[in-house]
Amino acid sequence: MFTHGLMQEHKIVASNVISAEKLNIQIGDFIVYKGKKYTINTVPDVVADHRYTYTITFEGPEYRLYDAIIMHNGDADFTYYGEAIPHLNLILASINAIDPGWTIGFVDATIADYITYVDLSCRTALTTIAEKFKLEYYIVNKEINLVKQAGNVTNLSFSYGMHNGLYSLNRKYISEKNVKTKIFAYGSSKNLPANYRNGAKRLVFEERFIANNINIYKEKQTTYTNEEIYPKRTSTVTSVVESGPDDKVFFLSDSSLEFNLNNSLIPGLEAKISFTSGELYGETFVITAYNNATKVITYKSFTNEAKITLPNQSFKAAVGDTFVLLDISLPQSYITAAEAELKAAAIQYTSEVSIPQVEYDLNIDILNMKTLGYELNPGDKVTVVHEALGVNSLIRVTQVTYPISFPEILTNNTQFTATIANFISYTDSERLVATTIQNKQNIRIVDRRSIELARRNTADFNDLRELTFDPDGYFDPGNIKPESIESGMISIKFKSQNFRLRDVLYQPNYLGNANSLLISAGFLDHLEIEIEGLGYSWAINSKTFSGLNPLIPYYVYAKCSRSALTGEWMISETPVFADETP
C-alpha cells in the first residue's frame with residue numbers, strides 16, 4: 001500500500017508477504033516505484049510458524065534526512081541568519097556528508113531570518129525551516145523544493161452520481177470549539193506618538209477588529225497581538241567609525257535615512273538603536289546624538305550583567321548590518337504602513353480561526369479515475385460537492401493512499417483514498433520537536449560572547465586570588481605546607497591550556513583510513529593570553545595528518561604565533577611544552 005502525505009509520511013508498506021523459507025531482507029534494500037527509490041530503513045516485522053509472514057516498510061528518500069544532524073562549523077547547537085536557501089544549504093552540507101547527491105530545487109524568495117537549531121536531524125530542521133518561512137516542502141528523489149504552496153490547482157470536481165468520481169465522502173475530523181469570529185488586533189507599543197489614536201497604548205487600525213462568520217457561529221471574541229508589528233524603518237549601516245574617546249561612544253551612518261531623527265525624539269525617552277543582524281544582533285544602545293547633515297548616529301556602549309562591554313573588539317557594527325530605531329516618533333507614513341501590516345495580519349489570522357478545521361476521506365471512483373487518466377498528489381486542490389454535508393468548495397489534498405498495483409490492476413478490493421482538509425498539519429513527532437525548540441529558545445546565539453564571559457570570569461578569579469591571604473601565616477607561594485591547603489580556594493593553574501576551541505571538528509579515520517586524521521579550520525579563543533591591539537582569537541587552518549599508527553596515542557597541539565592571530569595544528573607522540581617552540 002502506497003501512502004504519501006504533504007510534509008508527512010511517504011512510504012510503501014508490503015503486508016502479508018508470505019514465504020516458505022526465511023527471506024534475506026536487509027536494511028538498505030530498496031525498490032523503485034514510479035521512478036523513485038524506496039528503502040528499507042527498519043527491520044521488517046515477521047511472524048514465523050510453519051511459514052514466514054512479513055510486513056516490510058519501504059520509505060521515501062526524505063527519511064534518510066533523519067540520519068544526519070544539521071550542523072554549522074561542527075556545531076549542532078547554533079543560531080543561523082539567512083534567507084531560506086542558505087538555511088537549506090546547511091541541510092545539504094550535513095546530509096551530503098553521509099549520503100551524497102542531495103540538491104536544492106525550486107525555492108520561493110524569502111526575507112532573511114534567524115533560526116536556532118538545537119541537536120536537530122536534517123528532517124526536523126527542514127520542517128522547522130518550512131514553518132519559519134511559512135512555506136511547504138516537497139522532495140523529488142533527493143531534490144528539496146520549498147514553495148508557498150505545494151501541488152497544483154486542478155479542474156477536477158468530485159460528487160456523487162455516475163461518472164462524477166466519488167464513491168463516498170467521510171468527515172473524519174472536525175473541531176468547532178476553538179472557532180473565533182471577532183478578533184481584536186494589536187501591534188506593539190513601540191514608536192507610537194504620545195497622542196496616538198486617543199491614547200491607545202498599542203498599534204491598532206481604524207476598525208480595531210476583524211469579524212467573520214458571526215452569522216454562522218455567533219460572536220466569539222478573542223485577541224490577536226503581534227509584538228513584531230510597529231512603526232519601523234529597517235536601516236542599513238553604510239559607514240562605521242568604531243569608537244570615540246575611551247571607547248565610550250560609537251558612530252555609524254545610514255546615508256539613506258530620509259527624516260531628521262532630532263525631530264522625532266519623544267520627551268522623557270532616550271532614542272535607541274537596536275541591531276537586527278550582524279555581531280550586535282539583538283543588542284540595543286542609547287543614541288546620544290544625531291547629525292542630520294552627515295546622517296551619523298552616535299550611540300554609547302554599555303556593560304551587561306555578565307560584565308561584557310558592548311561594542312568591543314569582537315562584537316561591533318559593520319557596513320551592511322541592519323538596525324531599527326526605537327523610542328522615537330516616526331513620520332506618519334510609517335505609522336500608516338504599520339497599521340496596514342497589522343490589519344493584513346489580522347485578516348489572515350481571522351480567516352484561519354473563524355472556520356472549523358475539517359478533514360474528509362474521499363473514496364474515489366477508481367474506474368472513472370483510470371478512464372480519465374488523472375493523478376492526485378499531496379498539495380493538489382480539487383473541488384468537492386456534497387449537499388448533505390454542506391460541502392461545495394476547492395479543498396486541498398493532504399494525503400493519498402492506494403495499492404501500488406493501481407491503476408494497472410483493479411480488483412473488487414482496490415481503493416484510492418484521498419484525504420482533503422482546509423488546514424495543513426505537521427506530524428505529531430515534528431510538532432512536539434518544534435514546540436520543544438520554541439520553548440527552549442531564549443534566543444541563544446552560539447557565538448563568541450561565551451568566550452567574552454569566560455575571559456571575564458577568569459580575570460575575576462585572578463583578581464580574587466591576588467586579594468586572598470592566610471591570616472595564620474601559612475600561605476606562602478614558595479613554601480606551601482600541607483596544612484595550609486583549605487577548601488576555601490585551591491587553584492591549579494595551567495595558563496597555556498586555559499582556552500576554548502570554536503568551530504573545530506576532529507575527524508579520525510578520515511575518508512575511512514584508520515591511519516589518517518583531519519582537524520578542521522577554526523578558532524582558538526584564549527581566556528588569559530592576548531596580543532595587544534589584535535585580540536585573543538587565533539585562526540587555525542585545516543590540516544590532515546596521514547601515516548599515523550592507530551595503536552599509538554598522540555598529543556594534539558595548536559602552535560600559535562606571538563605576533564599575529566594565526567596558528568597551525570601539530571601532533572606529537574611525546575608531550576611538547578608551551579615554551580619549547582619559538
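Per UniProt numbering, the sequence shown starts with residue 1, numbered consecutively.
Each residue gets a CB set at the ideal place from its N, CA and C atoms; glycine is no exception.
Residue i - partner residues in DSSP beta bridges
{"i": "Y114", "result": "Y81"}
{"i": "L501", "result": "L524"}
{"i": "E408", "result": "DSSP, once it has assigned bridges, lists no residue as partnering E408."}
{"i": "S19", "result": "Y52"}
{"i": "L146", "result": "V107, Y137"}
{"i": "H72", "result": "D75"}
{"i": "V241", "result": "F251"}
{"i": "D45", "result": "T55"}
{"i": "T419", "result": "D361, Q399"}
C-beta atoms of residue i and residue j nearer than 9 Å
{"i": "I364", "j": "Y167", "result": "yes"}
{"i": "L394", "j": "T383", "result": "yes"}
{"i": "I129", "j": "Y137", "result": "yes"}
{"i": "I287", "j": "I273", "result": "yes"}
{"i": "L565", "j": "W538", "result": "yes"}
{"i": "S542", "j": "N515", "result": "no"}
{"i": "A194", "j": "S329", "result": "yes"}
{"i": "S529", "j": "S563", "result": "Note on residue identity: the sequence assigns Ile, not Ser, to residue 529. Against a cut-off of 9 Å, the Cβ pair of S563 and I529 comes out as no contact."}
{"i": "R183", "j": "A346", "result": "The amino acid occupying residue 183 in the given sequence is Ile; Arg does not appear at that position. In contact: I183 and A346 (Cβ atoms closer than 9 Å)."}
{"i": "E270", "j": "D321", "result": "no"}
Residue nearest to residue i in terms of C-alpha spacing, selected from the options
{"i": "Y281", "options": "E219, V237, P267", "result": "V237"}
{"i": "A338", "options": "Y230, F545, M369, T566", "result": "Y230"}
{"i": "L362", "options": "A421, E387, G567, I335", "result": "A421"}
{"i": "N260", "options": "S253, L252, N292", "result": "N292"}
{"i": "residue 583", "options": "A289, E408, S235, K300", "result": "Within the shown structure, residues of the chain are numbered from 1 to 582, placing residue 583 beyond reach of any answer."}
{"i": "Q8", "options": "S333, W569, V397", "result": "V397"}
{"i": "D503", "options": "Y63, D75, N541, D67", "result": "D75"}
{"i": "S264", "options": "N549, S301, P331", "result": "P331"}
{"i": "R500", "options": "F523, I519, Y506", "result": "F523"}
{"i": "T181", "options": "Q313, E352, G379", "result": "E352"}
{"i": "L156", "options": "D29, E528, V179, V385", "result": "V385"}
{"i": "F2", "options": "H50, N377, T336", "result": "N377"}
{"i": "residue 586", "options": "G187, D77, S314", "result": "What the structure shows of the chain is the stretch from 1 to 582, and residue 586 is not part of that stretch, so it cannot be assessed."}
{"i": "I56", "options": "T154, W569, S15", "result": "S15"}
{"i": "Y299", "options": "S255, E305, T284", "result": "T284"}
{"i": "L511", "options": "Y536, P403, T544", "result": "T544"}
{"i": "D49", "options": "I18, G320, A211", "result": "I18"}
{"i": "I27", "options": "E21, R64, V47, K36", "result": "R64"}
Start and end residues, beta strand (DSSP E) containing residue i
{"i": "E137", "result": "Inspection of the sequence shows that residue 137 is occupied by Tyr rather than by Glu. From DSSP, the beta strand (DSSP E) with Y137 extends over 136 to 140."}
{"i": "E568", "result": "566 to 572"}
{"i": "I210", "result": "209 to 211"}
{"i": "N291", "result": "284 to 291"}
{"i": "Y557", "result": "555 to 560"}
{"i": "Y217", "result": "No beta strand (DSSP E) contains Y217, which is instead part of the alpha helix (DSSP H) from 214 to 217."}
{"i": "S274", "result": "272 to 275"}
{"i": "residue 589", "result": "Summary: the structure shown does not reach residue 589, with the chain confined to residues 1 through 582, and so no result is reported for it."}
{"i": "Q507", "result": "506 to 508"}
{"i": "I297", "result": "296 to 300"}
Opening and closing residue of the alpha helix (DSSP H) in which residue i lies
{"i": "M369", "result": "366 to 372"}
{"i": "T127", "result": "122 to 132"}
{"i": "I104", "result": "Looking at the DSSP string, I104 is not in any alpha helix (DSSP H); the run it does join, the beta strand (DSSP E), is 103 to 107."}
{"i": "N515", "result": "Run containing N515: none; DSSP gives neither H nor E here."}
{"i": "I98", "result": "No alpha helix (DSSP H) holds I98; DSSP gives it neither H nor E."}
{"i": "Y224", "result": "No alpha helix (DSSP H) holds Y224; the beta strand (DSSP E) holding it covers 221 to 225."}
{"i": "Y536", "result": "Counting along the chain, Y536 falls outside any alpha helix (DSSP H), and DSSP gives it neither H nor E."}
{"i": "Y160", "result": "Careful: Y160 lies outside any alpha helix (DSSP H) and carries neither H nor E."}
Chain C contact for residue i (CB, 9 Å cutoff)
{"i": "Q26", "result": "Here chain C cannot be found, since the structure has a single protein chain."}
Pairing CB atoms from the region 77 to 84 with CB atoms from the region 113 to 123, are three or more of them under 8 Å?
yes
Hey, is the region 247 to 263 in contact with the region 213 to 223, meaning 3+ C-beta pairs nearer than 8 Å?
no
Using 8 Å as the cut-off, can you tell me whether the region 91 to 107 makes contact with the region 34 to 44, which would need three or more C-beta pairs spanning the two stretches below that distance?
no
The region 364 to 374 touching the region 410 to 418, judged by at least three CB pairs closer than 8 Å:
Touching, per the Cβ criterion.
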